[in-house]
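The structure under discussion appears below in the form of structure tokens.
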Amino acid sequence: ASDEEVVGTVKDQLAKLFEESLRVTVPDQTDTDPLIAACNPRFGDYQCNNAMSLWTKIKGTGSAFTGPQPVGQAIMTNLPRSEMIESCSIAGPGFVNVKLSRQWIAKSIQKMLIKGIETWSPKLRVKRAVVDFSSPNIAKEMHVGHLRSTIIGDTLARMLEFSNVEVLRRNHVGDWGTQFGMLIEFLFEKFPNMEVVSDQAIGDLEAFYKASKQRFDSDPGFKERAQQAVVSLQGGQEKYRKAWSQICEISRKGYEKVYQRLGIVLEEKGESFYNPYIPGVLEELAKKGLIEESEGARVIFIEGKKYPFIVVKSDGGFNYASTDLTALWYRLNEEKAEWMIYVTDVGQREHFEMLFTAAKRAGWLPPGDNSYPKANHVGFGLVLGEDGKRFRTRSTEVVKLVDLLDEAKSRCKAALVERGKAEQWTEEELEQTAEAVGYGAVKYADLKNNRLTNYTFNFDQMLNDQGNTAVYLLYAHARICSIIRKSGKDVEELKKTGALVLEHPNERALGLHLLQFAERKLAPICYQMCCVNTYTTYLDTSQHFIQIVRLWGQRRRQADSCCVKRLQRSCGNAFIYLVFGQSTRYDILG
Ligand code: ARG
Numbered sequence: 002a003s004d005e006e007v008v009g010t011v012k013d014q015l016a017k018l019f020e021e022s023l024r025v026t027v028p029d030q031t032d033t034d035p036l037i038a039a040c041n042p043r044f045g046d047y048q049c050n051n052a053m054s055l056w057t058k059i060k061g062t063g064s065a066f067t068g069p070q071p072v073g074q075a076i077m078t079n080l081p082r083s084e085m086i087e088s089c090s091i092a093g094p095g096f097v098n099v100k101l102s103r104q105w106i107a108k109s110i111q112k113m114l115i116k117g118i119e120t121w122s123p124k125l126r127v128k129r130a131v132v133d134f135s136s137p138n139i140a141k142e143m144h145v146g147h148l149r150s151t152i153i154g155d156t157l158a159r160m161l162e163f164s165n166v167e168v169l170r171r172n173h174v175g176d177w178g179t180q181f182g183m184l185i186e187f188l189f190e191k192f193p194n195m196e197v198v199s200d201q202a203i204g205d206l207e208a209f210y211k212a213s214k215q216r217f218d219s220d221p222g223f224k225e226r227a228q229q230a231v232v233s234l235q236g237g238q239e240k241y242r243k244a245w246s247q248i249c250e251i252s253r254k255g256y257e258k259v260y261q262r263l264g265i266v267l268e269e270k271g272e273s274f275y276n277p278y279i280p281g282v283l284e285e286l287a288k289k290g291l292i293e294e295s296e297g298a299r300v301i302f303i304e305g306k307k308y309p310f311i312v313v314k315s316d317g318g319f320n321y322a323s324t325d326l327t328a329l330w331y332r333l334n335e336e337k338a339e340w341m342i343y344v345t346d347v348g349q350r351e352h353f354e355m356l357f358t359a360a361k362r363a364g365w366l367p368p369g370d371n372s373y374p375k376a377n378h379v380g381f382g383l384v385l386g387e388d389g390k391r392f393r394t395r396s397t398e399v400v401k402l403v404d405l406l407d408e409a410k411s412r413c414k415a416a417l418v419e420r421g422k423a424e425q426w427t428e429e430e431l432e433q434t435a436e437a438v439g440y441g442a443v444k445y446a447d448l449k450n451n452r453l454t455n456y457t458f459n460f461d462q463m464l465n466d467q468g469n470t471a472v473y474l475l476y477a478h479a480r481i482c483s484i485i486r487k488s489g490k491d492v493e494e495l496k497k498t499g500a501l502v503l504e505h506p507n508e509r510a511l512g513l514h515l516l517q518f519a520e521r522k523l524a525p526i527c528y529q530m531c532c533v534n535t536y537t538t539y540l541d542t543s544q545h546f547i548q549i550v551r552l553w554g555q556r557r558r559q560a561d562s563c564c565v566k567r568l569q570r571s572c573g574n575a576f577i578y579l580v581f582g583q584s585t586r587y588d589i590l591g
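First residue of the sequence shown? That's 2 in the UniProt record's numbering, and the numbers climb one at a time after it.
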């Protein structure tokens with residue numbers, strides 16, 4: 002998600018003014034787009050950079066201008082009057098610096114306060130998007146590796162939804178393929194009387210998977226029956242379908258536990274869903290001449306790649322690639338998605354590069370990466386243990402996500418009890434807080450790290466109440482709420498009465514920063530919207546800030562220095578994490 006997606010920002014509003022000025026200044030240069038950028042705060046808030054390039058275009062054409070500076074001067078003079086602008090100046094070879102009006106900033110923020118947080122949302126060009134995330138594989142435990150996909154994908158979806166995009170949240174579970182032959186056959190062996198099969202009977206699905214794999218590898222007779230079972234399943238035989246859906250159902254219950262803890266909404270459309278569409282899609286691609294024979298398989302050759310994209314295996318079976326091609330086709334044609342985002346580890350980059358290239362060759366996606374419909378792979382690095390290796394428990398098994406979340410919660414609860422909260426709170430309050438902080442901490446710790454690099458999983462760090470953690474952030478939010486409560490002001494009343502005054506330079510900076518919300522890179526905003534439990538926090542914290550700015554101004558005039566200090570501290574904390582994200586400006590609150 003790049004800044005180009007965003008329209009309707011402060012920058013855009015300024016650009017409109019400059020557009021008019023440019024039309025008057027150089028009437029014959031009709032295709033000149035205003036070049037507006039944030040500028041060094043010593044000179045102003047924004048600058049217009051058109052003068053130099055315009056000068057290169059018009060010099061020697063008999064123009065009356067004598068250099069870039071006079072061009073800049075004219076652009077400045079021709080700016081239409083606007084309450085947005087307090088003053089302008091010319092710098093260097095013709096940069097026009099703009100200082101925004103303090104009253105305009107105050108008024109705009111007041112408008113936000115009254116109209117609500119929705120008016121802050123960036124306007125994107127896309128109406129409907131698919132975010133394909135989480136997507137574990139049936140019969141295999143959902144492990145910490147899936148944590149990142151789930152959290153990052155959910156965050157992207159939330160961000161797009163906040164920006165009024167309709168998001169189809171897709172769980173592309175691995176519920177099809179040859180491993181099911183083996184699983185089903187093993188199920189039949191263990192439970193010849195199918196009626197008795199229940200979650201308890203199968204127990205740990207992953208152990209079940211391993212045991213059946215062992216049987217598959219060591220017994221040729223079993224292997225043959227397993228291969229036959231795949232055919233029967235794909236042929237739609239009742240008994241096999243039933244066994245398959247039983248296995249899927251057990252897996253699903255496991256995933257749900259994780260999604261429920263993390264507050265994640267997902268709609269499952271697994272690999273099996275696309276299976277019936279594959280032949281038709283491949284036929285379309287074949288007609289377009291994309292599919293070729295290679296060593297018994299049917300493949301699409303991709304320029305610059307060592308191996309082709311295999312879409313039908315030599316045994317005639319479909320695979321991950323043919324399923325993804327079909328899913329892409331379905332999302333475009335049946336679901337009318339304009340943007341498709343796939344969240345998996347970086348190991349799958351090549352697969353998605355081939356997939357997208359094939360889709361471009363087929364004419365499904367436009368060439369290049371900047372027009373719609375478009376598809377993106379959002380990759381991420383590994384989660385590592387303290388030893389720098391892939392995160393595992395002592396028994397070298399993968400860590401189960403449910404266990405991990407439960408541990409975060411129980412650690413939080415212990416910390417709360419230690420602080421004497423067990424005496425002050427009800428059991429329910431204690432539980433709720435432990436969940437909000439514990440699960441939030443895991444999410445935030447994941448998101449604050451660089452998406453593409455590996456990161457080390459560390460409970461002590463993510464649950465620390467002093468660092469850049471969800472714990473600290475939630476604490477700051479609680480303090481802000483209490484300040485507002487103690488102020489005795491009614492928030493609704495505040496919205497209606499009294500004008501917001503941005504008196505101190507810090508207040509102005511704070512106000513401008515809030516206004517620039519939609520202009521910032523979306524990635525840090527993502528981080529801020531990370532934790533389910535802090536997501537709403539983020540939204541209403543932002544609202545609270547506006548109220549606080551106002552309160553702060555009023556209080557300071559009353560020389561209530563103790564309150565100012567408290568506000569500074571609380572605002573500072575939450576602002577740093579919630580609004581400034583990674584580009585921290587600690588100085589802003591003085
Ligand atoms: N099931 C896959 C895995 O665990 C991820 C699927 C991602 N989505 C997709 N459309 N390929 O690796």
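The C-beta atom is built at its ideal place from N, Cα and C for all residues, glycine as well.
query = Quick one, are the C-beta atoms of Gly-271 and Val-174 less than 8 Å apart?
reply = Looking up residue 271 in the sequence shown gives position 270. Looking up residue 174 in the sequence shown gives position 173. For the pair Gly-271 and Val-174, the CB atoms are nearer than the 8 Å cut-off.
key: Cβ neighbours of Arg-299 in the same chain (closer than 6 Å, five flanking residues each side left out)   = Here residue 299 refers to the residue found at position 298 when the sequence shown is read from its first residue. In chain order, Ile-292, Val-312, Val-313 place their CB closer than 6 Å to the CB of Arg-299, counting only its own chain and leaving out the 5 sequence neighbours on each side.
His-352, DSSP secondary structure in three states = Your numbering for residue 352 matches position 351 in the sequence shown. Looking at His-352 - three-state DSSP - the assignment turns out to be helix.
query = Should Thr-345 be listed as close to the ligand ARG, given that the test is whether its C-beta is under 7 Å from any heavy atom?
reply = Walking along the sequence shown from the start, residue 345 turns up at place 344. Indeed, a heavy atom of the ligand ARG lies less than 7 Å from the Cβ.
query = Any heavy atom of the ligand NAP within a distance shorter than 7 Å of the CB on Pro-137?
reply = Here the bound small molecules are the ligand ARG; the ligand NAP is not part of this structure.
ask   = Residue ranges of each alpha helix (DSSP H) run of no fewer than 4 residues wholly in the segment 191-249, ordered along the chain?
value = Here the runs fully enclosed are 200-203, 206-219, 221-235.
inquiry  = Can you give me the C-alpha to C-alpha distance between Asp-388 and Gln-462, rounded to a whole angstrom?
reply    = Along the sequence shown, one-based indexing puts residue 388 at 387. Along the sequence shown, one-based indexing puts residue 462 at 461. Straight through space, the alpha carbons of Gln-462 and Asp-388 are spaced by roughly 15 Å.
ask   = Under 8 Å between the Cβ atoms of Ser-64 and Met-85?
value = The sequence position of residue 64 within the sequence shown is 63, counting from 1. The sequence position of residue 85 within the sequence shown is 84, counting from 1. Their beta carbons are not under 8 Å apart, which means Ser-64 does not touch Met-85 by this criterion.
ask   = Should the segment 449-458 be called in touch with the segment 375-383, which here means at least 3 C-beta pairs below 8 Å?
value = By the Cβ rule, the segment 449-458 counts as touching the segment 375-383, because three or more pairs are nearer than 8 Å.
task = Using the Cα positions of Leu-169 and Leu-184, report the straight-line distance between them to the nearest angstrom.
result = Working through the sequence shown from its first residue, we reach residue 169 at position 168. Working through the sequence shown from its first residue, we reach residue 184 at position 183. If you take the alpha carbons of Leu-169 and Leu-184, they lie about 31 Å apart.
task = Answer yes or no: do Thr-324 and Tyr-260 have a C-beta to C-beta separation smaller than 8 Å?
result = For the purposes of this step, residue 324 is taken as residue 323 along the sequence shown, with counting starting at 1. For the purposes of this step, residue 260 is taken as residue 259 along the sequence shown, with counting starting at 1. The Cβ atoms of Thr-324 and Tyr-260 lie no closer than 8 Å to each other.
key: Buried or exposed (CB count within 10 angstroms, at least 16 for buried), Val-25   = On the sequence shown, residue 25 is found 24 positions in, with the first residue counted as 1. So Val-25 ends up on the exposed side.
request  = Tell me whether Cys-531 is buried or exposed, calling it buried when 16 or more other Cβ atoms sit within 10 Å of its Cβ.
outcome  = If you number the sequence shown from 1, residue 531 lands on position 530. Caution is warranted here: a pLDDT of 34 is assigned to Cys-531, below 50, making its placement in the model unreliable, and the coordinate value is therefore given only provisionally. The Cβ neighbour count for Cys-531, taken over all protein chains shown within 10 Å, is at least 16; the residue is labelled buried.
inquiry  = By alpha-carbon positions, which one of Asn-194, Cys-89, Leu-23, Phe-209 ends up nearest to Gly-243?
reply    = Here residue 243 corresponds to residue number 242 of the sequence shown, with the count starting at 1. Here the sequence assigns Lys to residue 243, which means Gly is not the residue at that position. The candidate whose alpha carbon is nearest that of Lys-243 is Asn-194.
query = To which residues does DSSP link Gly-169 through a beta bridge?
reply = Start at 1 with the first residue of the sequence shown, and residue 169 comes out as number 168. Note that residue 169 is Leu in the sequence shown, not Gly. Within the DSSP bridge table, the entry for Leu-169 names Val-131 as partners.
Residue from Glu-429, Tyr-373, Leu-464, Asn-371 whose Cα sits closest to the Cα of Cys-413 = Walking along the sequence shown from the start, residue 413 turns up at place 412. Of Glu-429, Tyr-373, Leu-464, Asn-371, the residue nearest in Cα terms is Leu-464.
task = Mind checking which residues open and close the beta strand (DSSP E) that includes Lys-380?
result = Residue mapping note: residue 380 aligns to position 379 of the sequence shown, counting from 1. Per the sequence shown, the amino acid found at residue 380 is Gly instead of Lys. Looking at the DSSP string, the run of the beta strand (DSSP E) that includes Gly-380 is 375-381.
query = Closest by CA to Arg-129, which one among Met-160, Ala-140, Glu-20, Asn-138?
reply = Working through the sequence shown from its first residue, we reach residue 129 at position 128. Ranking Met-160, Ala-140, Glu-20, Asn-138 by Cα distance to Arg-129 puts Met-160 first.
inquiry  = Taking the alpha carbon of Thr-179 as the reference point, which residue from Ser-213, Leu-206, Val-231 has its own alpha carbon closest?
reply    = Here residue 179 corresponds to residue number 178 of the sequence shown, with the count starting at 1. Measuring from the Cα of Thr-179, the nearest candidate turns out to be Val-231.
key: Through-space distance from Val-27 to Gln-70, alpha-carbon basis   = The count along the sequence shown starts at 1 and reaches residue 70 at position 69. The count along the sequence shown starts at 1 and reaches residue 27 at position 26. Here the alpha carbon of Gln-70 sits roughly 14 Å from the alpha carbon of Val-27.
query = Roughly how many angstroms separate the alpha carbons of Ala-39 and Glu-428, rounded to a whole number?
reply = To locate residue 39, count along the sequence shown from 1; it is residue 38. To locate residue 428, count along the sequence shown from 1; it is residue 427. A straight-line Cα-Cα distance of about 50 Å links Ala-39 and Glu-428.
message = Quick check on Pro-309: buried or exposed, where buried means 16 or more other Cβ atoms within 10 Å of its Cβ?
response = In the sequence shown, the residue the question calls residue 309 occupies position 308. A buried status is given to Pro-309, since no fewer than 16 other beta-carbon atoms sit within 10 Å of its beta-carbon.
query = Under the three-state reduction of DSSP, which class applies to Thr-345: helix, strand or coil?
reply = As a position in the sequence shown, residue 345 is number 344, starting the count at 1. In the structure shown, Thr-345 sits in a strand (DSSP, three-state: E or B).
message = Would you say the beta carbon of Gly-175 is closer than 7 Å to some non-hydrogen atom of the ligand ARG?
response = The residue you call residue 175 lines up with position 174 of the sequence shown. Result yes, Cβ under 7 Å from the ligand ARG.
inquiry  = Less than 7 Å separating the Cβ of Ala-328 from some heavy atom of the ligand ARG?
reply    = Your numbering for residue 328 matches position 327 in the sequence shown. True, at least one ligand heavy atom lies under 7 Å from that Cβ.
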